[in-house]
Ligand SMILES: NC(=O)c1ccc[n+]([C@@H]2O[C@H](COP(=O)([O-])OP(=O)(O)OC[C@H]3O[C@@H](n4cnc5c(N)ncnc54)[C@H](OP(=O)(O)O)[C@@H]3O)[C@@H](O)[C@H]2O)c1
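Numbering (this note's numbering), first residue to last: 2 to 263.
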């Protein structure tokens with residue numbers, strides 16, 4: 002199935018590894034031009050160097066810390082310089098630390114808001130007007146299954162990602178008639194450094210082995226395993242493609258059935 006992405010330009014955040022890189026690779030495989038962004042220029046270069054020859058020349062790197070002052074404007078400007086336009090924006094960021102809800106630090110919430118929420122809203126606002134003028138655009142935001150079924154030890158993640166969902170749903174209604182779709186992806190447990198570090202933290206807190214924690218976690222998912230970044234990237238690429246033009250304002254679960262509600 003041709004997703005119609007050959008003439009499209011995408012900016013993918015948090016894309017030096019994990020879910021963001023999985024999405025970037027899926028878009029590159031469909032023929033898109035893709036700017037990948039994260040803090041580490043060397044990690045981005047490594048990710049680009051590992052691409053197949055025919056994709057490397059369509060991949061651009063935009064190093065920036067989402068938590069830094071003015072990061073969104075700088076990333077938007079760099080992406081426009083490299084790509085000419087941003088047809089597809091994939092919002093993503095590093096995840097916040099785990100902890101119990103009652104021990105949550107308000108200062109930490111504010112710090113995380115400034116790197117997980119504000120810059121993603123600012124980037125969305127920076128690229129959406131041109132998408133509307135061109136009559137075509139895709140805004141995808143990587144959230145978490147916790148926006149539907151809150152995860153017990155991730156209170157900051159559950160709260161701040163829900164703030165993004167509320168904004169994106171509202172924006173979806175405003176821009177739908179201009180050919181711009183706005184959707185949220187809700188990963189359950191996809192095997193990345195992030196899931197590995199969450200499992201390690203839980204193992205340390207409970208005095209169990211990492212393997213035991215990961216086995217129990219996988220066993221609680223109907224699919225019986227963690228997902229792969231390739232499975233996640235494939236769903237994102239479909240949503241970015243021409244065939245998903247009537248899907249907007251939605252939360253799309255990529256969770257192997259982990260979320261128990263309908
Ligand atoms: N994997 C899952 O199953 C899952 C489930 C639910 C939610 N999520 C959430 O989805 C997001 C991506 O997950 P992941 O598993 O791919 O995480 P990951 O492996 O930790 O990757 C995070 C990416 O974000 C970049 N990043 C981190 N802090 C940044 C900052 N301040 N500015 C710019 N870039 C930054 C990292 O690169 P640099 O270090 O180079 O900056 C990296 O490319 C996270 O927020 C995670 O919590 C993941």
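Even for Gly, the Cβ is constructed at its ideal location relative to N, Cα and C.
Please read these numbers as outputs of a predicted model, since none were measured by experiment.
{"Check": "Given 8 Å, three or more beta-carbon pairs between the segment 211-227 and the segment 51-68", "Outcome": "no"}
{"Check": "Close-in-space but distant-in-sequence residues of the same chain around residue 222 (CB under 8 Å, 5 per side omitted)", "Outcome": "189, 190, 256, 257, 258, 259"}
{"Check": "Cβ neighbour criterion (16 or more within 10 Å) applied to residue 107", "Outcome": "exposed"}
{"Check": "Rounded separation between residue 213 and residue 46 - CA only", "Outcome": "35 Å"}
{"Check": "Reduced DSSP secondary structure (H/G/I, E/B, other) of residue 92", "Outcome": "strand"}
{"Check": "Endpoints, the alpha helix (DSSP H) within which residue 138 is located", "Outcome": "Careful: residue 138 lies outside any alpha helix (DSSP H), inside the beta strand (DSSP E) at 138-143."}
{"Check": "Contact test: residue 218 Cβ vs ligand 1 heavy atom, cutoff 6 Å", "Outcome": "no"}
{"Check": "N-terminal and C-terminal residue of the beta strand (DSSP E) that residue 38 is part of", "Outcome": "34-39"}
{"Check": "Spatial distance of residue 14 from residue 178 (CA atoms)", "Outcome": "26 Å"}
{"Check": "Inter-residue spacing [alpha-carbon to alpha-carbon] between residue 175 and residue 216", "Outcome": "43 Å"}
{"Check": "Proximity of residue 1 and residue 12 at Cβ, strictly below 7 Å", "Outcome": "This structure does not reach residue 1, given that the chain is present from 2 up to 263, and the question cannot be answered."}
{"Check": "Burial state of residue 241, where buried means 16 or more other Cβ atoms lie within 10 Å", "Outcome": "buried"}
{"Check": "Same chain, Cβ closer than 7 Å to residue 23, neighbours up to 5 away in sequence not counted", "Outcome": "230, 231, 233, 234"}
{"Check": "Helix, strand or coil at residue 4 [DSSP, three-state]", "Outcome": "coil"}
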